[in-house]
Amino acid sequence: MLPEHLVYLLPTTSVVVFSLAEKLLFDRQALSSKTQPILLIVLINLAVSLGFSAALLIPFVMLVAPLQLASIAQLDIPGFAMVSLSLLIIDLVYYVSHRLHHRVPVLWRLHRLHHSDTHINAQTTLLHHPLELVSNNLLVILGAVILDIPAICLFYYSLILGLHSAFTHLHVTIPPKVERLMRGFFITPNYHRRHHAKALKVSNSNFGMVFVYWDWLCNTALFHDDKDSIDYGIQPEETPKAINLWHFLINPLR
Ligand SMILES: [Zn+2]
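Structural data, given as structure tokens:
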């Protein structure tokens, strides 16, 4: 099996497992009307992801190769340090891409479908517009080329992100003491859901993907502990008119 298949199938599988656990343990709304259209968009995203790898990846890498500014792959450091540094830097690249998807209007049109969900749970992880998959891939690969990050580390990071994203969208409140300890290293559900608030001045924070450090350094880290006091979603004029595949797909045009 090709790594690209694994990169996409592992997160999908992890969301299915997390969703079933959510349904059984603490979230009665875990399987709802959004489940079927999200599964359909997952199939489209899988096809787009494979098409991107087959047709766009190599030409794009060749196109942007002259933009390389540094080379992490050439650093003379032990293998473990190389992998750890690369994972942190890739996380920064994802952080920058995420912020751009909120800041640049055309990118926001692609990303806002993910924020349209008004009940955040593991399935929200998979609610991404197919074109956002492309725009995010292009930005991340651009960053990886500029810094010459080892390709295998991008693969490792995708697997970690796939598992971790399902965790950060869980409809669960982790006990404060445990959560505070976890939040010293990586993003938790309590931390991430603030980013899904409807009010812009609230959601314009917590852009981190796996590690919390970039939010700290860029002063975008804010914390909110109570999942039930947040009004989730986006503005009505940006929200899909109905929870079905067609309205998900045409949402960027609204
Ligand atoms: Zn976002």
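Under the working numbering, the letters of the sequence shown match residues 7 to 260, in that order.
Where is the CB? At the ideal position from N, CA and C, for every residue including glycine.
**OP:** Can you tell me which of T194, G168, L139 and H198 puts its alpha carbon nearest to the alpha carbon of L119?
**Re:** Out of T194, G168, L139 and H198, L139 has the C-alpha closest to the C-alpha of L119.
Subject >> Cβ-Cβ separation, A150 to L160 (assumed contact under 8 Å), whole Å >> reply: In this structure L160 touches A150 by the C-beta definition: roughly 6 Å separates them, less than 8 Å.
Subject >> For I152 and M7, the rounded distance between their alpha carbons >> reply: Residue placement at M7 cannot be trusted, given a pLDDT of 39 that sits under 50; what the coordinates show is reported in the next sentence. About 29 Å.
Subject >> Presumed contact (8 Å Cβ cut-off) between I95 and I158, rounded CB distance >> reply: The Cβ separation is near 14 Å, so there is no contact.
Original post:
Among I180, T130, P246 and K247, which has the Cα closest to the Cα of H201?
Top reply: For the residues I180, T130, P246 and K247, the minimum Cα distance to H201 belongs to T130.
Original post:
Below 9 Å between beta carbons: does that hold for H170 and I126?
Top reply: Taking a C-beta distance under 9 Å as the contact criterion, H170 and I126 do not qualify as a contact pair.
Subject >> Among D237, R115 and A87, nearest to H134 - alpha-carbon criterion >> reply: For H134, the nearest C-alpha among the options comes from R115.
Original post:
Rounded to the nearest angstrom, how far is the Cβ of V218 from that of R189, given a contact under 8 Å?
Top reply: Correct: roughly 6 Å between the Cβ atoms.
Original post:
Which residues mark the beginning and the end of the alpha helix (DSSP H) in which G149 is found?
Top reply: P136 to L153 is the span of the alpha helix (DSSP H), which, as asked, contains G149.
Original post:
Residues bridged to A61 by DSSP?
Top reply: Beta-bridge pairing links A61 to no other residue.
Subject >> Given V178 as reference, the closest of P195, S164, I166 and S103 once Cα atoms are compared >> reply: The closest CA to that of V178, considering only P195, S164, I166 and S103, is found on P195.
Original post:
Which class does A76 belong to by DSSP, given the choice of helix, strand or coil?
Top reply: Here A76 sits in coil by DSSP.
**OP:** Tell me whether H108 counts as near ligand 1, meaning its Cβ is closer than 8 Å to at least one heavy atom of that ligand.
**Re:** Within the cutoff, so yes.
Original post:
Opposite F217 in the DSSP bridges: which residues?
Top reply: According to DSSP, F217 bridges with F192.
Original post:
Just the Cα atoms here: how many angstroms apart are V54 and A205?
Top reply: Rounded to the nearest whole angstrom, the CA to CA distance from V54 to A205 is 32 Å.
Subject >> Three-way DSSP call (helix, strand, coil) for L8 in this model >> reply: Residue placement at L8 is poorly supported in this model, since its pLDDT is 45, which falls under 50; the coordinates still yield a value, given next. Coil at L8, not helix or strand.
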